[in-house]
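Notes to accompany the following structure.
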Amino acid sequence: AKIAYESKGAGEATLLFVHCWSCNRRYWDSAMAELAKNFRVVALDLRGHGESDRGRKDLKVADLAQDVDALIKQLKLNNVVLVGSSMGGSVSLAAAKDNPGTVVGVVCVDTLQNVEMKFPQEMMDNLVKSLERDFAAGIAKFMPAVFAKDADPKLIDWTAEQASKTDPQAAVSLIKDLFALDVRPWMSAVKVPIRCLNSDSSPPLGVKTSVEVNRKYADFDVVELQGSGHLPQLERPEEFNRKLRETVAAILKK
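Right, here's the structure in full:
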């Protein structure tokens, strides 16, 4: 599969940015520009997203981890911190598990709030049905729910527009897999620090992060972002970039 990516900056460590479901590498533009001052930064479009190959229709989250794995090997990256947003966090766990010694840490953005918790069935069913009926309309309806109440409407529109360009069959297949996914085996297999930058309210689920539960499975900690929605890298870029820089620095000191 042809995987689109971009790379800039230089440094002893590489930050590899992995976007969320129905997103693309553009979501990381602000973080890439800021963090490239000190690190090599790489962002990719996972298959079915952005400018990468559409690929198979029955995509699973584990398939996307192979894209990350292939890029690490092709670019001969080492001392890598994976930074994954939402679904990209799960993708990053799978890729980290398969690259011990190369990946030195994982930073997940607004995900892994509680790895023992299941998604509410009704919410999952409603979303899948609306996406299958009319993908672009389903996305437009769903998108405002993942933002903080005071988010810029232009930002919500841009996000919905970007998301609507995703391969609909791949997106529906992935969201079904994501809803059913138990990430605990991947998390337990990752022997490096896992850190979350999570919203304190994590819309649309509205749950706080349970550090105690997650620590049963990994070296885990969380930094809470006050008042942000599900995509803090877009909603609160300055605060997000600062917290990401601090989190990465702490991982690299270990």
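All the letters of the sequence shown, read from the start, carry residue numbers 34 to 287 under this note's numbering. Quick reminder that beta carbons are idealized off the backbone N, C-alpha and C, glycines included.
What is the rounded straight-line gap between the Cα of residue i and the Cα of residue j?
i      : j      : result
Glu272 : Leu104 : 29 Å
Asp78  : Val246 : 31 Å
His52  : Asp252 : 23 Å
Trp27  : Ser123 : Only positions 34 to 287 of the chain appear in the structure, and residue 27 is not among them; the question remains open.
Gly262 : Arg248 : 24 Å
Ser118 : Gln195 : 15 Å
Ser163 : Thr199 : 15 Å
Lys276 : Thr144 : 16 Å
Leu207 : Trp54  : 8 Å
Glu149 : Val216 : 9 Å
Ala98  : Gln259 : 30 Å
Asp183 : Leu264 : 13 Å
What first and last residue would you give for the beta strand (DSSP E) that runs through residue i?
i      : result
Ser232 : Ile227 to Ser232
Val179 : Segment: none, Val179 is in no beta strand (DSSP E) and carries neither H nor E.
Excluding the five sequence neighbours on either side, which residues of its own chain have a C-beta within less than 7 Å of the C-beta of residue i, listed in chain order?
i      : result
Ser63  : Gln266, Pro270 and Asn274
Ala178 : Pro236 and Pro237
Ala76  : Tyr38, Glu39, Phe50, Arg58, Trp61 and Met65
Ala193 : Ile172, Ala173 and Met176
Asp210 : Lys93 and Val94
Lys130 : Trp219, Ala222 and Val223
Leu126 : Val139, Val216, Trp219, Met220 and Val223
Run through the DSSP bridge pairs and tell me what residue i is partnered with.
i      : result
Arg73  : Thr47
Leu285 : Note: Leu285 sits in no beta bridge, so no partner.
Asp254 : Arg228
Glu194 : Bridge partners of Glu194: none, in fact.
Gly138 : Val114
Tyr38  : Leu77
Pro133 : Val136
Does the beta-carbon of residue i have 16 or more other beta-carbons within 10 angstroms, so that it is buried, or is it exposed?
i      : result
Met176 : buried
Ala204 : buried
Asp167 : exposed
Gly134 : exposed
Asp233 : exposed
Met120 : buried
Gln146 : buried
Pro201 : buried
Val290 : This structure cannot settle anything about residue 290, because the visible part of the chain is limited to 34 through 287.
Glu279 : exposed
Asp102 : buried
Glu165 : exposed
Glu268 : buried
In the DSSP assignment, the alpha helix (DSSP H) including residue i goes from what residue to what residue?
i      : result
Val205 : Pro201 to Ala213
Val246 : Val244 to Asn247
Phe130 : A small correction: the amino acid at residue 130 is Lys; Phe does not occupy that position in the sequence shown. Note, Lys130: alpha helix (DSSP H), Met120 to Lys130.
Asp102 : Val94 to Gln107
Arg58  : Segment: none, Arg58 is in no alpha helix (DSSP H) and carries neither H nor E.
Pro218 : Arg217 to Ala222
Ser163 : Gln154 to Arg166
Might you give, ordered along the chain, the residues of its own chain that have their beta carbon closer than 8 Å to the beta carbon of residue i, omitting 5 neighbours on each side?
i     : result
Ala46 : Phe72, Arg73, Asn112, Val113, Val114, Val137, Val281 and Leu285
Ala34 : Arg80, Ser85, Asp86, Gly88 and Asp100
Excluding sequence positions up to five away, which residues of its chain have a Cβ less than 6 Å from the Cβ of residue i?
i      : result
Phe152 : Phe212
Ser197 : Ala169 and Ile172
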